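Numbering (UniProt numbering), first residue to last: 1 to 514. We put the CB at the ideal spot given by N, CA and C, even for glycine. Computed from a predicted model, the values in this text were never measured in an experiment.
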C-alpha cells in the first residue's frame with residue numbers, strides 16, 4: 001500500500017497527517033505556536049518556528065505509522081500548504097532568513113498603501129493582477145521592508161512564501177506555486193500566469209527578487225535531502241510537492257474544483273471563496289490561481305482578519321469564569337459552556353452588533369484603521385449575549401464578502417461548505433445558515449488543508465487519477481438549514497452591520513491617529 005503525508009503550516013499551529021491512497025488517515029500530529037506581535041497591528045514569524053513544527057509533525061506521523069506497519073518505503077510523497085505569508089521571507093544568497101516573515105495579519109504597511117494610491121496607475125495594476133491595494137498584500141509589505149529595513153533589502157536575493165521556504169530547506173530545490181505567487185497581489189500577471197515585469201517596475205521592486213521557477217501546486221519541487229530523511233524517518237529522495245495557500249488547499253480538500261463551488265474557511269481568520277475563470281477586482285475580493293487547474297481556474301475570495309481570533313480574544317479577556325468551570329468538565333472546553341449559554345440568547349443578541357475588526361479589516365472594507373466594536377450595549381446584556389454577538393458578527397462579515405462575490409461570480413451552488421474550527425460549533429453553523437440563507441455543510445473528517453495537501457501529494461505522484469482528486473477524500477455532511485423567521489431578522493441586522501462601518505469610520509480613524 002502507498003501512503004502520502006500532507007502538511008499545513010497555519011498561523012497558530014502546523015498539522016500533518018499520513019493517509020493511504022484512498023484517504024484513510026493512518027496518523028496525524030500537530031504542533032502549536034503563536035505569531036510575534038511586537039507592536040499594535042504587527043504580526044510576524046521567523047521561519048525557523050515553522051521548520052521546527054514541520055519536522056516535528058512529519059516525524060511524529062512517520063513514527064506513529066511505523067508502529068502500524070508502514071515502512072519508510074511505503075511513504076511516497078509529502079506536500080506542504082501554508083498560511084498566506086504576506087511579504088514572504090527575505091533570504092540572502094545562501095537562502096538564510098534575513099528578517100521575520102510579515103504574515104497576512106500584519107497591517108504595518110499603511111504608508112506604503114498611501115504611496116501606491118498616489119503614485120501608481122492603480123487601474124492598470126488591478127487590470128494586470130486582479131487584485132487591489134492594501135497592507136494585506138505582500139507587495140506593500142515588501143515596500144515597507146524597502147523603506148524601513150534598507151540593510152535587509154540590500155541583502156535580499158528572494159522573497160519566499162512559507163511553503164516554498166520550507167520545501168527549499170527540505171530538498172535544496174526552490175520553486176513557488178502559482179497560488180502563493182498570485183496572492184502576493186500586485187506583482188503577478190493573472191492572464192499570463194507569471195511575474196509581471198510591468199507591475200514590478202511600477203512598484204520599484206526588482207524582478208530578480210521573485211524566484212524564477214513557478215510551478216503548479218501538484219508539481220514535484222525536489223526530493224528529500226539525506227539528512228532530513230534520516231531525521232524524519234523517511235526515504236531519501238521522497239518527492240516533495242509544491243502545495244499552496246492554505247485557504248485554497250482547504251477548498252480543494254472539500255471537493256471544490258469547478259465554477260460555482262464555494263467554501264468558507266473559518267479558523268483564526270475567515271476566507272470565503274469560489275472558483276471562476278476570470279478576475280473581478282472591482283468588488284474588493286482577492287484573486288489567485290487555484291491549486292487545482294491553476295492554469296485555467298481562479299480562486300477568488302474575501303475574508304475577515306479576525307474570525308476565530310475574535311472568539312478566542314473574547315474568551316481569554318472576559319470569560320475567566322467559564323474557563324475555570326470548564327476544567328471540571330470531561331471535555332475541558334470553555335467554548336462549550338459559552339455556546340450553551342449563548343444558545344439561550346435570542347437571534348440578534350438582544351440588539352447587540354459586533355464588528356470583528358480587531359486587526360483592521362480585509363475585504364470588502366479594506367481598512368487597516370478599522371477597529372472592533374460592540375454597538376447596542378445595555379445593563380441587560382451578559383457575557384453570553386456578547387459571545388453570541390461575536391459569532392453573529394463573524395457571520396455578518398462572511399455574508400458581506402458573499403454579497404460582494406455574488407456580483408462577480410458566474411454562479412454559486414445552493415449550499416455553503418464550511419471548514420475550519422468554526423465547524424465544531426453547532427450554534428455557529430446554524431447562525432451562518434440563518435445569516436447567509438444557504439444550507440451549511442461541513443467535512444465529517446477533522447482535516448481540511450492538511451488533507452488537501454495529501455490529496456495534492458497523491459495527485460502529483462500519479463498515485464490517484466484527476467477524477468479521484470476532483471471527488472476528494474472527505475465526506476460532506478449537512479449541518480444546518482436556514483430558518484425563515486431568523487433569516488428575516490438577520491437580514492435586518494445585517495443592514496445595520498453594513499451601515500455601522502461607514503458611520504463609525506471617521507471616529508475609528510481619529511482614535512488610530514491619537
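Just the Cα atoms here: how many angstroms apart are residue i and residue j?
| i | j | result |
| --- | --- | --- |
| residue 396 | residue 368 | 19 Å |
| residue 63 | residue 283 | 48 Å |
| residue 465 | residue 326 | 46 Å |
| residue 430 | residue 265 | 16 Å |
| residue 208 | residue 157 | 7 Å |
| residue 117 | residue 72 | 53 Å |
| residue 228 | residue 236 | 8 Å |
| residue 91 | residue 137 | 19 Å |
| residue 13 | residue 29 | 10 Å |
| residue 409 | residue 276 | 7 Å |
| residue 493 | residue 509 | 24 Å |
| residue 459 | residue 218 | 6 Å |
| residue 100 | residue 51 | 13 Å |
| residue 301 | residue 398 | 11 Å |
| residue 173 | residue 202 | 30 Å |
| residue 148 | residue 488 | 50 Å |
| residue 423 | residue 230 | 37 Å |
| residue 498 | residue 428 | 20 Å |
| residue 135 | residue 364 | 14 Å |
| residue 176 | residue 191 | 17 Å |
| residue 115 | residue 146 | 13 Å |
| residue 313 | residue 319 | 10 Å |
| residue 357 | residue 381 | 21 Å |
| residue 263 | residue 152 | 38 Å |
| residue 337 | residue 322 | 7 Å |
| residue 412 | residue 256 | 12 Å |
Take residue i and list the residues in its own chain whose beta-carbon comes closer than 6 Å to its own, dropping the five residues that flank it on each side.
| i | result |
| --- | --- |
| residue 345 | 384, 385 and 388 |
| residue 141 | 86, 87, 102 and 109 |
| residue 332 | 326 |
| residue 249 | 81, 291, 449, 452 and 453 |
| residue 299 | 248, 273, 288 and 290 |
| residue 33 | 49 |
| residue 421 | 267 and 308 |
| residue 57 | 14, 16, 29 and 31 |
| residue 347 | 486 and 489 |
| residue 182 | 188, 288 and 289 |
How far does the beta strand (DSSP E) with residue i in it extend, from its first residue to its last?
| i | result |
| --- | --- |
| residue 301 | 298–304 |
| residue 478 | 476–480 |
| residue 18 | 13–20 |
| residue 418 | 416–419 |
| residue 158 | 158–160 |
| residue 42 | Looking at the DSSP string, residue 42 is not in any beta strand (DSSP E), and its letter there is neither H nor E. |
| residue 262 | 262–266 |
| residue 274 | 270–276 |
| residue 469 | Counting along the chain, residue 469 falls outside any beta strand (DSSP E), though it belongs to the alpha helix (DSSP H) covering 466–471. |
| residue 289 | 286–289 |
| residue 28 | 25–32 |
| residue 220 | 220–223 |
| residue 442 | 440–443 |
| residue 355 | 353–355 |
Tell me which residues share the same chain as residue i and place their Cβ nearer than 8 Å to its Cβ, disregarding the 5 neighbours each side in the sequence.
| i | result |
| --- | --- |
| residue 3 | 18, 19, 20, 21, 26, 65, 70, 74, 75 and 76 |
| residue 475 | 443, 444 and 445 |
| residue 425 | 335, 339 and 391 |
| residue 41 | 106, 107, 108, 359, 360 and 368 |
For residue i, I'd like the list of residues in its chain whose CB is within less than 7 Å of its CB, leaving aside the five on either flank, ordered along the chain.
| i | result |
| --- | --- |
| residue 246 | 8, 10, 81, 82, 83 and 449 |
| residue 234 | 62, 72, 75 and 224 |
| residue 415 | 438, 439 and 441 |
| residue 95 | 168 |
| residue 349 | 385, 388, 389 and 392 |
| residue 258 | 275 |
Residue range of the alpha helix (DSSP H) that residue i falls in?
| i | result |
| --- | --- |
| residue 52 | 47–66 |
| residue 373 | No alpha helix (DSSP H) holds residue 373; the beta strand (DSSP E) holding it covers 373–375. |
| residue 314 | 308–318 |
| residue 226 | 226–232 |
| residue 341 | 334–342 |
| residue 180 | 178–183 |
| residue 239 | First-last for residue 239: 239–241, but that is the beta strand (DSSP E), not the alpha helix (DSSP H). |
| residue 507 | 484–513 |
| residue 252 | 246–253 |
| residue 434 | 426–436 |
| residue 390 | 383–406 |
| residue 452 | 449–460 |
| residue 3 | Element bounds for residue 3: not the alpha helix (DSSP H) but the beta strand (DSSP E), 3–9. |
Shorter than 9 Å from the beta carbon of residue i to some beta carbon of chain D?
| i | result |
| --- | --- |
| residue 29 | Looking at the structure shown, chain D is missing, and only one protein chain is on hand. |
State yes or no: is the C-beta of residue i nearer than 8 Å to some heavy atom of the ligand ATP?
| i | result |
| --- | --- |
| residue 479 | The ligand ATP is absent from the structure shown, which contains no ligands of any kind. |
(request) For the stretch 122–131 and the stretch 180–191, state whether three or more C-beta atom pairs, one from each stretch, are separated by less than 8 Å. (result) With a cut-off of 8 Å on Cβ pairs, the stretch 122–131 is in contact with the stretch 180–191, counting three or more such pairs.
(request) Note down, one range per segment and in chain order, each alpha helix (DSSP H) of at least 4 residues found wholly within the stretch 73–134. (result) Whole alpha helix (DSSP H) segments, 4+ residues: 110–119 and 122–129.
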